[in-house]
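Notes follow the structure.
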Amino acid sequence: MEMQQLTLRVQEQHAVTLPSRGASGLQLLFSTEPADIVLVVRREPTPNEREQPPITVGGTIAAYFELTGLKPGQATVRFYEKPAPGRGGPSEIPVATYLITVSQ
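Take any residue in the sequence shown, count from 1 to its spot, add 832: that is its number in the numbering used here.
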């Protein structure tokens, strides 16, 4: 998985759509380092987006995130899956990584 690069201005937003395998017991999570450069918020799908079913039974569904530049600097945002509590498996499964540069 290669790191994706993105440049934002302060208060500029960027939408990210990732596959989520929640039906298989995995949670799609994220971490931001440092935490004060970029705000990451998972958003609910729009009615139109909800109408698009998975391609296969038990397949992935889309998860929607908004990235917002907070102040100038660089941050790494990692999206990863983690088994739900009480389920076995790897501790983290990488999904996507973004190197984000925020400018004035």
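Note that CB positions come from ideal geometry on N, CA and C, so glycine has one too. Only a predicted model underlies this, so the values are computations on that prediction, with no experimental measurement involved.
- Rounded to the nearest angstrom, the Cβ distance from L861 to Y912 is 6 angstroms, consistent with a contact under 8 angstroms.
- Contact between the segment 896-906 and the segment 920-929 is not established, with fewer than three Cβ pairs separated by less than 8 angstroms.
- Here the alpha carbons of A867 and L931 stand approximately 13 angstroms from one another.
- A847 sits exposed, since fewer than 16 C-beta atoms from the chains shown fall within 10 Å of its C-beta.
- Around the CB of A907, 16 or more other CB atoms lie within 10 Å, so the residue is classed as buried.
- Assignment of E883 by DSSP, reduced to helix, strand and coil, places it in the coil class.
- In the structure shown, S852 falls within a strand segment according to DSSP collapsed to helix, strand and coil.
- With a 10 Å radius around the Cβ and a threshold of 16 neighbouring Cβ atoms, V870 comes out buried.
- Here the C-alpha atom of V909 lies approximately 14 angstroms from the C-alpha atom of Y896.
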